[in-house]
Each structure stands twice: as C-alpha cells, then as structure tokens.
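For the sequence shown, our numbering begins at 360 and goes up steadily by one. We treat Cβ as the ideally placed atom computed from N, Cα and C, and that holds for glycine. The structure displayed is predicted, hence computed values, not measured ones. What follows is a single structure, written as structure tokens, with notes after it.
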Amino acid sequence: MQDELEERIRHRARELWEAQGQPEGRSDEFWLQAEQEVRGEKETYDRLKSDPSITTNS
C-alpha cells in the first residue's frame, strides 16, 4: 500500500515538473506539492469509503 502511494506521488511530481518546463533544482517543491495532492485525494477517498452517506457537490 505504501509503495503504491509513493508511486502515485512520484508520478504526480513528474507531471508537475513537466508542466513547469522541467526546471532544475525544484524537485523538492514538486514532490511536496504532489504529496499534498495525493494524500488529500486518499483522505477524501477513505472518508467516502467509510461513510457512504457523504456526498460531493460535483
């Protein structure tokens, strides 16, 4: 499970890096942003999974 989460973070960090033109020296910035996004998605998923009565306004 942890390996899957880390792989998702790595993939998202690469997407962010590429979207910004592949700048050098900013890997920590992209990793932290990706980690925040992916962990936020996971928390939302876990919350919805544990309480099906919760709905989103999409």
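Delimiting residues of the alpha helix (DSSP H) encompassing residue i
i: S412; result: Looking at the DSSP string, S412 is not in any alpha helix (DSSP H), and its letter there is neither H nor E.
i: E363; result: 361 to 378
Residue i, buried or exposed, once every other Cβ within 10 Å from all chains shown has been counted against 16
i: A372; result: buried
Neighbourhood of residue i by C-beta distance below 7 Å, restricted to the same chain and skipping five residues each side
i: A393; result: I368, R371, A372, L375
CB of residue i within 8 Å of CB of residue j, strictly
i: L364; j: K401; result: yes
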